[in-house]
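K.L.:
This is the structure I want to talk about, given as structure tokens.
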Ligand code: LMR
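In our numbering, the protein residues as written are 3 to 415.
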């Protein structure tokens, strides 16, 4: 008899997003549409390898110095310093003061996990740490923070009535949250709602976070996808840092460089300004190094080398900026198109929110029954919360999608 039995290992539920992907793959209907996972697709519904990434790969292949050696525990230096500048800005005072500690991670997920592990081990006080995540949020936030020993609470974010941000309730919740809670904030292109606070709203959030001494933890998986502009999309994180906050950032290059499966990301811990800030950053780095070594030893090299080549070369960098505009521009165009077609059709509902939401996703407000019907009758796959990955739509399938939504909303109001 083994140590592990059916009695001791219960069946866990399959991850809903990956289950959806499997169901889509297994569906043989010729008109099926995948609006599930947040991955960019081109006009023909195909994954898009960015031309700038192909150029960087060519450069790597042609470089006689290229090899498959291990990276340092922290990751590739040239990648990390460029990733810092991209997120914090080239004139960042925090970088100049040497109070930023950065690690290359297994994409944004690995960065969130590394940060969660660090906070849960070193937060002050004897009580279990508490984290506040938006309602709704990327479901993996809940999972990562639960597994790293946090009490996970939600703050209101989405208003079903206005289909916009519920900022008053959000602020009120953060005001009454236990002092010193970790607060997960998505830097831009909020997943799953596509709704970001305005700059004025961010300023109000900053005030409450300061008042309650909360610890801001930014998840930035979509820099460049909200506005098409890398600088503009980093505004919220940079604002917090300029205000002197201690905070951390999980950064991902999955979406903006289309390096999904290469798992390229970074974790940045930014210490508050002060005479011992740079020593503290170094200490935090020493602890993160132990955690990283125990977890993955050192991060994967290939994707980071590609990102480093793009980020550190002026010509490649400006090519990347244009390609980001192509992606975000196509998504904006599709949103407009869905909105105007549903309006022309007179499909029940108010579709104005489609053009105000930004980024990869649209939060449709469709009900569970409607979502199920779209899957069963029309073979259209979206997550159970009504999120669609807009990139899954293109001129070839948009009409079919509109027909389906119109039919389902009339049949199941
Ligand atoms: C998504 O939300 O679709 C993406 O962030 C993919 C993922 O890993 O969940």
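Here a beta-carbon is modelled for each residue, glycine too, at the ideal position from N, C-alpha and C. This structure is a prediction, so every number in the text was calculated from the model and none was measured.
How about residue 40: is its Cβ closer than 7 angstroms to a heavy atom in the ligand HEM?
P.N.:
This structure lacks the ligand HEM; its bound ligands are the ligand LMR.
K.L.:
Are residue 218 and residue 185 touching if we call contact CB-CB under 8 angstroms?
P.N.:
Going by C-beta atoms, residue 218 is nearer than 8 angstroms to residue 185.
K.L.:
Relative to the alpha-carbon of residue 388, which residue among 33, 7, 39 has its alpha-carbon at the smallest distance?
P.N.:
The shortest Cα separation from residue 388 among 33, 7, 39 belongs to 39.
K.L.:
Quick check on this structure: which residue in 132, 165, 166 has the alpha carbon closest to the alpha carbon of residue 155?
P.N.:
132
K.L.:
Taking 7 angstroms as the cut-off, is the C-beta of residue 223 nearer than that to any heavy atom in the ligand LMR?
P.N.:
yes
K.L.:
Looking only at its chain, what residues have a beta carbon closer than 8 angstroms to the beta carbon of residue 82, apart from the 5 residues adjacent to it on each side?
P.N.:
76, 104, 105, 106, 268
K.L.:
Grouping DSSP H, G and I as helix and E and B as strand, with all else coil, what is residue 405?
P.N.:
The three-state reading of DSSP puts residue 405 in helix, counting H, G and I together.
K.L.:
Using CA atoms only, rank isn't needed, just tell me which of 190, 181, 401, 24 is closest to residue 126.
P.N.:
For residue 126, the closest alpha carbon among the candidates 190, 181, 401, 24 is that of 181.
K.L.:
Is the beta carbon of residue 89 less than 8 angstroms from the beta carbon of residue 270?
P.N.:
yes
K.L.:
When you compare each of 100, 27, 173 to residue 286 by their alpha carbons, which one comes out closest?
P.N.:
100
K.L.:
What residues in its chain sit with their C-beta under 7 angstroms from that of residue 240, if we drop five residues either side in the sequence?
P.N.:
90, 91
K.L.:
Is residue 82 a contact residue of the ligand LMR, with contact defined as CB to any heavy atom under 7 angstroms?
P.N.:
no
K.L.:
Which term fits residue 310, buried or exposed, when burial requires 16 or more other beta carbons within 10 angstroms of its beta carbon?
P.N.:
Answer is buried; the Cβ neighbour count reaches 16.
K.L.:
Assuming residue 390 is part of the beta strand (DSSP E), what are its boundary residues?
P.N.:
Unbroken beta strand (DSSP E) run through residue 390: 389-391.
K.L.:
Based on DSSP bridge pairs, tell me the residues matched to residue 410.
P.N.:
Looking at the DSSP output, residue 410 sits in no beta bridge, so it has no partner there.
K.L.:
From what residue to what residue does the alpha helix (DSSP H) around residue 336 run?
P.N.:
316-347
K.L.:
Would you check whether the ligand LMR has a heavy atom nearer than 7 angstroms to the C-beta of residue 333?
P.N.:
no
K.L.:
Hey, residue 259 and residue 22 are a contact pair by Cβ (cut 8 angstroms); roughly how many whole angstroms apart?
P.N.:
Not confirmed; about 24 angstroms, so no contact.
K.L.:
Quick test of your reading: residue 308 and residue 261, contact by CB under 8 angstroms. State the CB separation rounded to the nearest angstrom.
P.N.:
7 angstroms
K.L.:
Rounded to the nearest angstrom, what separates residue 230 and residue 4 at their Cα positions?
P.N.:
55 angstroms
K.L.:
By how many angstroms is the C-alpha of residue 134 removed from the C-alpha of residue 192?
P.N.:
15 angstroms
K.L.:
Can you tell me whether residue 158 is helix, strand or coil according to DSSP?
P.N.:
strand
K.L.:
Could you tell me whether the Cβ atoms of residue 364 and residue 376 are closer together than 8 angstroms?
P.N.:
no
K.L.:
What does residue 39 pair with, by DSSP beta-bridge criteria?
P.N.:
Answer is none; residue 39 lacks a bridge partner.
K.L.:
Suppose you measure from the CA of residue 345 to the CA of residue 353; what does that come to, to the nearest Å?
P.N.:
Rounded to whole angstroms, residue 345 to residue 353 spans 7 angstroms at the Cα level.
K.L.:
Applying the criterion that 16 or more other CB atoms from any shown protein chain within 10 Å of the CB defines a buried residue, is residue 331 buried or exposed?
P.N.:
Counting of Cβ neighbours within 10 angstroms places residue 331 among the exposed residues, the total staying below 16.
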